[in-house]
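Below: the structure, in C-alpha cells.
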Amino acid sequence: KERKQKKRLKKGDDCSMPGLTCFTHNNEHWQTAPFWNLGGFCACTSSNNNTYWCLRTINETHNILFCEFATGFLEYFDMNNDPYQLTNAVYSVDRDVLNQLHSQLMELRSCQGHKQCNPRPKGQETGNKDGGSYDPHSGQPLWDGRKG
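Laid out in C-alpha cells, this is it:
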C-alpha cells in the first residue's frame, strides 16, 4: 500500500483513495449540456462493487436521477429543483412512474452493446438479442414497486 501511495505521489496524483475508484475532471470533460464550468475536481466512487444502479434522464421536460440500491433503497432527485441531491423525493413520485423507471433501469442493466443499449423512442417494439434486451414474454416477474 505504501509503495502504491508513493508511486501516486511521485506522479503528482493527488486524486486517489484506497478502495475507491477516483478520477479527475475539468471544464473540458463534458461534451453535452449541462456543462461544468467551475474548474477541475477530484471525484471518488465505490460503484465498482455493483451495489447500486442509476438512471439519469435529461430531456425537454425532465432532468431527474433515479437510483436503486441492492438493499431495496430508492432515490429520486429532480435535478432542476435539487441540483445538489439534498432531498430524496422518491415518496412524492407516482408509483406508476417509479415502476416505469425501474423497468428502464433493469433493461439498461441487462443490455449489451450499442444495438441493445441505445435508447428507443417510446412505443417502439422492444427487441431481443438483435435489438433490445427486455423481453416482455420472458416470464420474469414484474417489480411490484417500492416497499413501505
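Position in the sequence shown (from 1) plus 2 gives the number in the working numbering. Note that the Cβ used here is the ideal one computed from N, Cα and C, for glycine as well.
Short of 7 Å from the beta carbon of residue 81, and not among the five residues preceding or following it, lie these beta carbons of its own chain, in chain order: 65, 66, 67.
Take the alpha-carbon of residue 58 and the one of residue 23: they are about 20 Å apart. The Cβ neighbour count for residue 103, taken over all protein chains shown within 10 Å, is at least 16; the residue is labelled buried. Of all alpha-carbon atoms in 69, 83, 94, the one lying nearest the alpha-carbon of residue 63 is that of 83.
Judged by beta-carbon spacing, residue 69 lies beyond the 8 Å limit of residue 44, meaning their Cβ atoms are not closer than that value. Non-local beta-carbon contacts of residue 90 in its own chain, meaning distances under 6 Å to residues more than five positions away in sequence, involve 77 in chain order.
Residue pairing of residue 98 in beta bridges, as defined by DSSP: absent, with no partner found. A straight line joining the alpha-carbon of residue 79 with that of residue 8 spans about 39 Å. Rounded to the nearest whole angstrom, the C-alpha separation of residue 53 and residue 39 is 30 Å.
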